[in-house]
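K.L.:
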Amino acid sequence: LEIASEGELFKHLRNNQRFDEFRSAKYTYQVADALNYCHLNNVIHRDLKPENILLTSSDDIKLADFGGSAHTLSNKRKTMCGTIDYLPPEMVDGRTYNDSVDQWCLGVLCYEFLVGSAPFESKDTQKTYEKIRRLEVHYPSLLSTGAKDLISKLLRKQSDGRITLVDVMKHPWTQQNMQKRNALLEERALKSRAAAASNVN
Numbered sequence: 002l003e004i005a006s007e008g009e010l011f012k013h014l015r016n017n018q019r020f021d022e023f024r025s026a027k028y029t030y031q032v033a034d035a036l037n038y039c040h041l042n043n044v045i046h047r048d049l050k051p052e053n054i055l056l057t058s059s060d061d062i063k064l065a066d067f068g069g070s071a072h073t074l075s076n077k078r079k080t081m082c083g084t085i086d087y088l089p090p091e092m093v094d095g096r097t098y099n100d101s102v103d104q105w106c107l108g109v110l111c112y113e114f115l116v117g118s119a120p121f122e123s124k125d126t127q128k129t130y131e132k133i134r135r136l137e138v139h140y141p142s143l144l145s146t147g148a149k150d151l152i153s154k155l156l157r158k159q160s161d162g163r164i165t166l167v168d169v170m171k172h173p174w175t176q177q178n179m180q181k182r183n184a185l186l187e188e189r190a191l192k193s194r195a196a197a198a199s200n201v202n
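Residue numbers (the working numbering): 2 to 202.
1. May I ask you to list the residues that DSSP assigns as paired with LEU64?
2. For HIS72, is the classification buried or exposed, using 16 other Cβ atoms within 10 angstroms of its Cβ as the cut-off for buried?
3. Is DSSP giving ALA71 helix, strand or coil here?
4. Using the DSSP secondary-structure output, state which residues sit across from ILE152 in a beta bridge.
5. Is the distance from the Cβ of ASP103 to the Cβ of ARG47 below 9 angstroms?
6. Let me know if ILE133 comes out buried or exposed under the rule of 16 or more other beta-carbons within 10 Å of its beta-carbon.
7. Can you give me the start and stop residues for the alpha helix (DSSP H) that SER101 sits inside?
8. Compute the distance between the beta-carbons of VAL116 and LEU143, then report whether it is under 9 angstroms.
9. For GLU9, write down the residues that DSSP places opposite it in a beta bridge.
10. Identify, in the order they occur along the chain, each residue of the same chain with its Cβ nearer than 6 angstroms to the Cβ of HIS40, setting aside the five sequence neighbours on each side.
So this is what it looks like as structure tokens:
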């Protein structure tokens with residue numbers, strides 16, 4: 002694993018309270034890309050959360066903590082593992098599951114990026130489980146229509162109804178925000194170069 006000098010993404014999320022849509026879209030895209038690579042190699046992460054994502058000096062993510070991951074060719078598991086707020090319905094109910102549990106976790110993660118807290122968070126474990134079973138998600142007004150659309154397509158009770166990781170990367174909300182972010186960064190870079198040139202002159 003390459004050095005991730007900026008540490009856990011969790012620290013940055015807590016310091017910022019929440020991320021804007023540009024930053025959230027970038028991280029969502031990169032996590033989806035990393036998970037897709039895992040799935041192509043028959044690995045299910047099973048414990049996706051901000052604490053298990055590291056940041057490099059260039060603000061790129063690295064998936065970490067594969068201690069709870071599973072390497073499986075059958076793609077059918079029943080072991081309950083992960084973090085309570087991120088558990089999918091099939092794990093809560095003790096049913097068999099496949100790699101789409103990671104898509105569910107990505108939906109929870111994307112929501113937490115944008116809102117600052119997990120959608121099913123509760124002080125009581127059983128209440129959290131009930132909220133997950135009922136798919137009790139409150140979408141604050143600060144969320145854009147595109148963000149809500151992507152999150153709702155990841156947080157599906159039926160695992161086969163969840164959007165694929167490739168489609169997460171292709172989703173209009175992801176693509177549009179990444180393009181806007183890149184354009185903004187390029188504009189800042191041009192202004193910085195222009196300012197540097199004027200100082201030389």
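Ideal Cβ positions, reconstructed from N, Cα and C, are used throughout, including at glycine.
P.N.:
From the atom records:
1. Along the sequence shown, read from residue 1 onward, the residue named residue 64 stands at position 63. ILE54, per the DSSP bridge assignment.
2. On the sequence shown, position 71 is the one that residue 72 refers to. Result: exposed.
3. Taking the sequence shown and counting its residues from 1, the one referred to as residue 71 is at position 70. Residue state, collapsed to three classes: strand.
4. For the purposes of this step, residue 152 is identified with residue 151 of the sequence shown, where counting begins at 1. Per DSSP, none; premise fails for ILE152.
5. For the purposes of this step, residue 103 is taken as residue 102 along the sequence shown, with counting starting at 1. For the purposes of this step, residue 47 is taken as residue 46 along the sequence shown, with counting starting at 1. Yes, Cβ-Cβ distance for ASP103 and ARG47 is below 9 angstroms.
6. For the purposes of this step, residue 133 is taken as residue 132 along the sequence shown, with counting starting at 1. Result: buried.
7. Start at 1 with the first residue of the sequence shown, and residue 101 comes out as number 100. Counting along the chain, SER101 falls outside any alpha helix (DSSP H), and DSSP gives it neither H nor E.
8. Start at 1 with the first residue of the sequence shown, and residue 116 comes out as number 115. Start at 1 with the first residue of the sequence shown, and residue 143 comes out as number 142. Yes.
9. Counted from its first residue, the sequence shown places residue 9 at position 8. Bridge partners of GLU9: LEU55.
10. On the sequence shown, residue 40 is found 39 positions in, with the first residue counted as 1. Only ASP100 meet the Cβ criterion.
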